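Student:
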Amino acid sequence: MVEWLDPLLLARWQFGLTTLYHFLFVPLTIGMVVLVAILQTAWVRTGKLKYLHLTRLFGKIFLINFAMGVVTGIVQEFQFGMNWSDYSRFVGDVFGAPLAMEGLLAFFLEASMIGLWIFGWDKLPQKLHLAVIWLLALSTTLSAYFILAANAFMQNPVGFEINEELGRAELTDIGAVLTNPVALAQFPHTIFASLMFAAVVVVAVAAYHLSKNQYLDEMRTALRFGLVINIVAFVGVALSGDQLGLVMVATQPMKMAAAEALYETTAGASFSIFTWGTPDGSSELFSIRIPYVLSFLSTHDFGGTVEGINDLQAQYQTEFGPGDYTPIIWITYWSFRWMIGLGALAALISAVGLWLTRGGRLPEKTWVWKVAIWSAPVPLVASLVGWIFTEMGRQPWIVFGLMRTEDGVSPGVTGLEVLISLIAFTVVYGALAVVEFGLIKRAAIDGPKDWAKYSDGADGDGGTASVDPTKLATVY
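According to this note's numbering, the sequence shown is numbered sequentially starting from 5.
#1: Looking at C-beta atoms only, is the number of pairs between the segment 345 to 354 and the segment 301 to 318 that lie closer than 8 angstroms three or more?
#2: Give the DSSP-derived three-state secondary structure of TRP125 in the structure shown.
#3: In whole angstroms, give me the CA-to-CA distance for GLY73 and ILE444.
#4: Within a Cβ cutoff of 7 angstroms, which residues of the same chain sit near PHE196, ignoring the five residues on either side of it in sequence?
#5: Taking the alpha helix (DSSP H) that PHE164 belongs to, which residues open and close that run?
#6: Could you pull the start and end residues of the alpha helix (DSSP H) that ARG172 belongs to?
#7: What is the DSSP secondary structure of THR468, counted as helix, strand or coil?
#8: May I have the straight-line CA-CA distance separating HIS57 from GLN44, to the nearest angstrom?
#9: Do PRO161 and PHE404 have their beta-carbon atoms positioned less than 9 angstroms apart in this structure?
#10: By DSSP, does ALA271 sit in helix, in strand, or in coil?
#11: Leaving out five residues on either side along the sequence, give the residues of the same chain with a beta carbon under 7 angstroms from the beta carbon of ILE34.
#12: On a Cα-Cα basis, can you pick out the residue from GLU81, LEU61 and LEU152 that is closest to THR22?
#13: To the nearest angstrom, report how far apart ALA211 and SER89 are at their CA atoms.
#14: Let me check understanding here. Comparing Cα to Cα, which of THR225, PHE393 and LYS216 lies closest to GLN256?
#15: When the distance is taken between beta carbons, is THR225 closer than 9 angstroms to TYR55?
#16: Among the residues of its own chain, which have a CB less than 8 angstroms from the CB of GLY179, if the five just before and after it don't count?
#17: My output table needs one value for THR309: the three-state DSSP class, helix, strand or coil.
#18: Starting from TRP401, trace the beta strand (DSSP E) in both directions and tell me its first and last residue.
#19: Counting only the same chain and skipping the five closest in sequence on each side, list residues whose C-beta sits under 8 angstroms from that of PHE429.
#20: Which residues in the same chain as GLU440 place their Cβ atom closer than 6 angstroms to its Cβ, once the five residues preceding and following it in sequence are excluded?
#21: If you measure between the beta carbons of PHE340 and ALA254, is that distance less than 9 angstroms?
#22: For the segment 95 to 112 and the segment 171 to 178, state whether three or more C-beta atom pairs, one from each stretch, are separated by less than 8 angstroms.
#23: On the premise that LEU214 lies in contact with LEU366, defined as a C-beta separation below 8 angstroms, what is that separation, rounded to the nearest angstrom?
#24: Taking C-alpha atoms, which residue in PRO400, LEU142, PHE112 and PHE94 lies nearest to GLU168?
#25: Going by beta carbon distance, what residues of the same chain come within less than 7 angstroms of GLU106, once the five residues before and after it are set aside?
#26: Kindly give me the distance between the Cβ atoms of ALA261 and GLY327, rounded to whole angstroms, as I take these residues to be in contact under 8 angstroms.
#27: Within 10 angstroms of the Cβ of LYS64, are there 16 or more other Cβ atoms? Answer buried if so, exposed if not.
#28: Under a Cβ-count criterion, where at least 16 other Cβ atoms within 10 Å of its own Cβ denotes burial, should ARG398 be classed as buried or exposed?
#29: Give the list of continuous beta strand (DSSP E) stretches no shorter than 3 residues that lie fully inside the segment 202 to 226.
#30: Going by DSSP, name the residue or residues bridged to MET407.
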């Protein structure tokens with residue numbers, strides 16, 4: 005009982021759970037706004053009503069998700085003061101800078117543009133309204149970058165100096181913080197992963213309606229659009245992941261060693277498909293490996309040297325003092341593989357989907373549509389376990405090389421207080437999840453509806469038709 009009331013343990017659980025819950029909405033927001041902007045551009049350029057219908061449909065899903073993301077995101081910043089006050093005091097001068105820029109610049113622009121987009125259908129010229137959605141996409145992406153820059157400081161602290169008198173890190177170079185190599189590599193990886201999730205949501209919605217043989221013209225277009233975007237985004241994820249891996253080896257070699265369960269420093273290191281280690285995680289008992297691949301991934305040299313867990317542990321003890329500097333091996337090892345495997349699975353399903361729908365074909369087997377629908381969460385789960393790998397692989401550091409996680413927790417908060425807030429957040433978040441899923445499911449099932457009544461002569465086949473803007477605004 006006493007162990008479960010440990011403030012550090014409970015604070016870590018609370019931050020981890022609320023962060024992952026918040027991240028359920030982040031990739032869909034980032035990815036969907038870009039897809040909606042592309043669809044609206046297609047409508048403006050071609051005048052085809054099917055693109056307008058898809059813009060409105062997936063725009064509604066984006067708005068529902070955006071609102072939930074804002075609500076859940078606010079809680080994250082409160083936790084820095086509630087449960088992690090020593091961490092906030094130590095790095096607040098540096099960590100707070102990109103977060104302040106996100107709020108004052110990116111989020112302000114984001115909030116302004118989303119209001120103009122929602123209420124500007126019948127008030128703004130068509131091309132100006134299109135520019136608004138692209139500015140919204142830009143601001144959403146910019147917001148993600150500032151947050152990733154803040155997180156990158158925890159992975160690879162730069163642009164600071166330690167004030168020994170006050171015992172805290174102080175910002176000296178905001179440019180170094182914003183151009184942190186970890187942030188520069190992490191940003192495209194996150195954006196492409198978000199596009200993958202948004203794309204498979206589009207595919208799932210289209211697959212549902214096609215399985216019901218309804219809205220055929222719109223949903224054929226949506227299906228192929230989502231499948232193509234998912235595959236292109238996966239290529240981006242793979243390429244950016246390669247660069248992120250190189251940066252990780254340079255800044256946090258222990259994370260890569262743990263991800264591969266590589267205990268001894270090795271030249272020409274092999275990539276582990278499966279590894280079984282001793283209960284204490286100190287050595288390997290059995291493994292299945294592909295020769296030289298790990299060295300290539302880590303150094304772009306098949307004969308390159310990759311540092312092992314045991315040598316890095318000894319090095320860190322010399323540099324930082326006695327202690328265990330090894331993350332939980334099985335978590336980092338398996339989360340790394342689940343991240344890669346699920347991302348590849350999503351791309352494979354899309355590739356098969358493109359083949360099955362080539363030349364205007366539509367599959368007749370019901371199981372094909374069920375696979376398309378139920379594959380929607382796959383890229384999201386890949387992103388979630390990717391973040392688990394990123395954060396758990398950094399342990400025992402809350403700021404790598406500067407502050408251990410155990411030193412960042414609030415000293416005046418009891419385990420019972422954290423437990424009460426953890427239970428409260430879980431209950432509230434659970435209720436919000438039901439509401440969110442219900443609203444998105446309803447919007448998806450409703451589909452485009454009969455929006456042709458807002459035009460003067462739509463032919464129902466996705467052809468061009470002029471739209472009465474005074475009536476269009478009432479669709480939401």
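C-beta atoms are modelled at their ideal positions from N, C-alpha and C, and glycine is treated no differently. Here the structure is a predicted model, which means the values were calculated and not measured.
Tutor: Put simply:
#1: At 8 angstroms Cβ cutoff, the stretches do not touch.
#2: Indexing the sequence shown from 1 puts residue 125 at position 121. In the three-state scheme derived from DSSP, where H, G and I count as helix and E and B as strand, TRP125 is classed as coil.
#3: Here residue 73 is taken as the residue at index 69 of the sequence shown, counted from 1. Here residue 444 is taken as the residue at index 440 of the sequence shown, counted from 1. Separation of GLY73 and ILE444 (C-alpha to C-alpha, rounded to the nearest whole angstrom) is 13 angstroms.
#4: Within the sequence shown, numbered from 1, the residue matching residue 196 stands at position 192. The beta carbon of PHE196 is closer than 7 angstroms to those of ALA237, GLY240, VAL241 and SER244 in its chain, skipping five residues each way along the sequence.
#5: Stepping through the sequence shown from its first residue, residue 164 is reached at position 160. It is not in any alpha helix (DSSP H) - PHE164 instead sits in the beta strand (DSSP E) that spans 164 to 167.
#6: Here the question's residue 172 lines up with position 168 in the sequence shown. According to the DSSP assignment, ARG172 belongs to no alpha helix (DSSP H) but to the beta strand (DSSP E) extending over 172 to 175.
#7: Here residue 468 is taken as the residue at index 464 of the sequence shown, counted from 1. Since pLDDT at THR468 reaches only 47, below the 50 mark, its modelled position is unreliable, and the value read off the structure follows with that caveat. Strand.
#8: The residue given as residue 57 occupies position 53 in the sequence shown. The residue given as residue 44 occupies position 40 in the sequence shown. When rounded, the distance between both Cα atoms is 9 angstroms.
#9: As a working mapping, residue 404 is identified with position 400 in the sequence shown. As a working mapping, residue 161 is identified with position 157 in the sequence shown. Contact: yes.
#10: On the sequence shown, position 267 is the one that residue 271 refers to. The DSSP-derived three-state label of ALA271 is strand.
#11: Here residue 34 corresponds to residue number 30 of the sequence shown, with the count starting at 1. Here the set comprises THR144, THR145, ALA148, ILE195 and SER198.
#12: Mapped onto the sequence shown, residue 22 falls at position 18. THR22 has its Cα closest to that of GLU81, out of GLU81, LEU61 and LEU152.
#13: Along the sequence shown, one-based indexing puts residue 211 at 207. Along the sequence shown, one-based indexing puts residue 89 at 85. Distance between the alpha carbons of ALA211 and SER89: 48 angstroms.
#14: As a working mapping, residue 256 is identified with position 252 in the sequence shown. Selection THR225, PHE393 and LYS216 evaluated against GLN256 yields PHE393 as nearest (Cα-Cα).
#15: Within the sequence shown, residue 55 is the residue found at index 51, counting from 1. Within the sequence shown, residue 225 is the residue found at index 221, counting from 1. In this structure, THR225 lies closer than 9 angstroms to TYR55 by Cβ.
#16: On the sequence shown, position 175 is the one that residue 179 refers to. Correct list, in chain order: GLY163.
#17: Locating residue 309 in the sequence shown gives position 305, counting from the first residue. Strand, per DSSP.
#18: Stepping through the sequence shown from its first residue, residue 401 is reached at position 397. 401 to 403 is the span of the beta strand (DSSP E), which, as asked, contains TRP401.
#19: One-based indexing of the sequence shown puts residue 429 at position 425. Exclusion of the five residues before and after PHE429 leaves GLN18, LEU21, THR22 and VAL79 as the residues of its chain whose Cβ lies within less than 8 angstroms of its Cβ.
#20: As a working note, residue 440 is residue 436 in the sequence shown. Excluding sequence neighbours, GLU440 sits near MET72.
#21: Taking the sequence shown and counting its residues from 1, one reaches residue 340 at position 336. Taking the sequence shown and counting its residues from 1, one reaches residue 254 at position 250. Against a cut-off of 9 angstroms, the Cβ pair of ALA254 and PHE340 comes out as no contact.
#22: Yes: at least three Cβ pairs fall under 8 angstroms.
#23: Here residue 366 refers to the residue found at position 362 when the sequence shown is read from its first residue. Here residue 214 refers to the residue found at position 210 when the sequence shown is read from its first residue. Confirmed, Cβ separation roughly 6 angstroms.
#24: Translated into positions along the sequence shown, residue 168 becomes position 164. Selected option, being the one with the closest Cα: PHE94.
#25: Numbered from 1 along the sequence shown, position 102 holds the residue referred to as residue 106. Hits under 7 angstroms: SER147, PHE150 and ILE151.
#26: Sequence index remark: in the sequence shown, residue 261 carries index 257 (1-based). Sequence index remark: in the sequence shown, residue 327 carries index 323 (1-based). With 8 angstroms as the limit, ALA261 and GLY327 do not qualify as a contact, their Cβ atoms being about 17 angstroms apart.
#27: In the sequence shown, residue 64 corresponds to position 60, counting from 1. For LYS64, the number of other beta carbons within 10 angstroms of its own is at least 16, and it is reported as buried.
#28: Position 394 of the sequence shown, counting from 1, holds the residue named residue 398. By the neighbour-count definition (other C-beta atoms within 10 Å, threshold 16), ARG398 is a buried residue.
#29: Counting whole runs of 3 or more residues, the segment 202 to 226 contains no beta strand (DSSP E) stretch at all.
#30: Translated into the one-based positions of the sequence shown, residue 407 becomes position 403. DSSP output for MET407 lists VAL403 as bridge partner(s).
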